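Numbering (our numbering), first residue to last: 19 to 540.
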């Protein structure tokens, strides 16, 4: 039964591939193809759910071996990355829950996205996301989890910018995508440290070897994965991206940020429980960040005027409580909290368009008297505690300034030292300007007085200079000028092609290898 994990992952991937190929070759397009696209996506994730349910049932009956390996994917010296998967426990249960929620949202989306210009694109991305998220949950090693982590993030970007012709959607999607890359850097560093310090990237090896790690080593690795989890699950200081992500369609908001993907960070923390228990500082950080995020989200959520923004801060607040529970050692509570929250928030976001209908005649509950009169808190809450502007000033502006400085250094110093070819037309124009400048400097502004003198000899030389100037301008420069420019342009293109060729990795490696051989021979 462990081999069912392959079907769980491959069925949604096959659905995405089928929809993509159908669109590419014009078989699925317009309203006429909506039914086929919807059936492919629905049946793919439904069969994946049934496979996950069978896997979970087998695990509950004690039939599973606990892991499944499909062979070795990458081997280099001591590094060996297998295509292995976890088929028992929390991973199998969460895969079943997530696949069920994906089935519900896929079915809901059929009517919601009906007649939208991006109908087929939506279901392609949703099917791809389903496969990526299930890979994230079931992978038995950090590299496989990271691949699912990244593909899910890419799908998130594509669906936030679903209405890509709207500037706000495109800007918010880019902002969310860039913010999550900070967490990805922590994840990659964590993988590297696992291989360097533990000797394996398998989750089971890392968790079983955690008691033998020193406190410092365990803390460093745990902090890397904690950074990734904070970014993915919208904890401070990354919380504002979640409200921006609600720009996408309601079904994608429900499955990404209410039910499934937003819980990837807390899932990662729970899965690495033995590692975090060896790192008291990391546990304390989980508790502190979780508590701060819960308080921040509660206060800001009180002043939101639209339902999706209000739900986004409710989600980040509950996730903050889950991080707090993990930091305090209540791992089982955090596990159940995750599962319950995924179901409730997914339902709430799906019903957000009908919110006004459901709450009609139900007055809003006033806030408590203790905070009702705190005007400064109200103002700060309306501005979301200025977290976005602060992050812009502390991180984005310095990074942008550094990028401009490096670009200037590259254009004005590196390119000149390396002899990067400039456009031929600009070079000829620059030479002409330089020549004019030299003439003006040497002979004054009135260059027309040059060559004039007194007497017959002087007039003869002046007349001869005029004839030679006319001959040079009319016959020489105009005759060969365009040919020279064309030749210069061709030489510039050829130089650019040669530069791109030698900068390819294989040629750079060959060059370095040649230099090393030459140095060794000396």
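We treat Cβ as the ideally placed atom computed from N, Cα and C, and that holds for glycine.
All figures in this text were calculated on a predicted structure; none of them were measured in a lab.
Nearest to residue 270 by alpha-carbon distance, out of 46, 85 and 119, is 119. When DSSP states are grouped into helix, strand and coil, residue 100 belongs to the strand group. Assignment of residue 90 by DSSP, reduced to helix, strand and coil, places it in the strand class. Between residue 317 and the set 375, 369, 244 and 392, the nearest pair of CA atoms involves 392. Rounded to the nearest angstrom, the gap between the Cα atoms of residue 157 and residue 89 is 13 Å. Residue 414: not part of any alpha helix (DSSP H); DSSP gives it neither H nor E.
Under the criterion of beta carbons closer than 8 Å, residue 52 and residue 137 qualify as touching, at roughly 6 Å. Residue 514 carries a helical assignment under DSSP once its states are collapsed to helix, strand and coil. In its chain, beyond the 5 residues on either side, 247, 250 and 251 have a beta carbon closer than 6 Å to the beta carbon of residue 283.
If you look at residue 258, you'll find it in the alpha helix (DSSP H) that goes 258 to 263.
At a Cβ-Cβ threshold of 9 Å, residue 54 and residue 65 do not count as neighbours. Between the region 285 to 305 and the region 344 to 351, the count of Cβ pairs shorter than 8 Å is three or higher; the stretches touch.
Of the candidates 77, 27 and 82, 27 places its Cα closest to the Cα of residue 62. Here residue 85 carries a strand assignment [DSSP, helix/strand/coil]. The beta carbon of residue 151 sits closer than 7 Å to the beta carbons of 116, 166, 170, 278 and 279 from its chain, once the five residues preceding and following it are set aside; these are given in chain order. Here DSSP, grouped into helix, strand and coil, assigns residue 95 to coil.
In this model, residue 353 and residue 289 are separated by some 10 Å (Cα to Cα). DSSP places residue 157 within a strand segment (E or B) once states are collapsed to three. Excluding its 5 nearest sequence neighbours in each direction, residue 101 has C-beta neighbours in its own chain below 8 Å: 87, 88, 89, 90, 91 and 162, listed in chain order. Leaving aside the five residues that flank residue 72 on each side, the residues in its chain whose CB is nearer than 8 Å to its CB run, in chain order, 19 and 22.
Apart from the 5 residues on each side of it in sequence, residue 267 sits with its Cβ closer than 6 Å to the Cβ of 180 in its chain, given in chain order. Closest in C-alpha terms to residue 121, from the list 361, 98, 435 and 231, comes 361.
Taking the CA atoms as reference points, residue 314 sits about 8 Å from residue 335. Cβ contact annotation for residue 31 (same chain, cutoff 8 Å, sequence separation greater than five): 145, 146 and 149, in chain order.
For the options 111, 93 and 50, the alpha carbon positioned closest to that of residue 78 is the one of 111. A residue is called buried once 16 or more other Cβ atoms fall within 10 Å of its Cβ, and residue 237 is buried on that count. Between residue 205 and residue 160, the C-beta spacing is below 9 Å. With a cutoff of 9 Å on beta-carbon distance, residue 224 and residue 242 are scored as not near each other. Counting along the chain, residue 52 sits inside the alpha helix (DSSP H) bounded by residues 52 to 78.
With fewer than 16 other Cβ atoms inside 10 Å of its own Cβ, residue 484 counts as exposed. Rounded to the nearest whole angstrom, the CA to CA distance from residue 105 to residue 407 is 44 Å.
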